[in-house]
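Quick note on the numbering used here: the sequence shown kicks off at 548 and runs consecutively.
Glycine included, every Cβ here is placed at the ideal spot set by N, Cα and C.
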Amino acid sequence: MGWLQGTLQAHPEIAFFLVLGLGYALGKISFGSFKLGA
Numbered sequence: 548m549g550w551l552q553g554t555l556q557a558h559p560e561i562a563f564f565l566v567l568g569l570g571y572a573l574g575k576i577s578f579g580s581f582k583l584g585a
């Protein structure tokens, strides 16, 4: 796990794209009629 922290600190753009991807994936999740995305 330390290598991940070091990589994200050295290359913050990787963290940015990981967060974008995670947000996109979470936006596709729906629970019945409730949807997390817009």
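I'd like the span of the alpha helix (DSSP H) that includes residue i, first residue to last.
| i | result |
| --- | --- |
| I561 | P559 to G574 |
Across which residues does DSSP place residue i in a beta bridge pair?
| i | result |
| --- | --- |
| A577 | For the sequence presented, residue 577 should be read as Ser rather than Ala. Beta-bridge pairing links S577 to K582. |
Please state whether the Cβ-Cβ distance between residue i and residue j is less than 8 angstroms.
| i | j | result |
| --- | --- | --- |
| L569 | I561 | no |
| L573 | L583 | yes |
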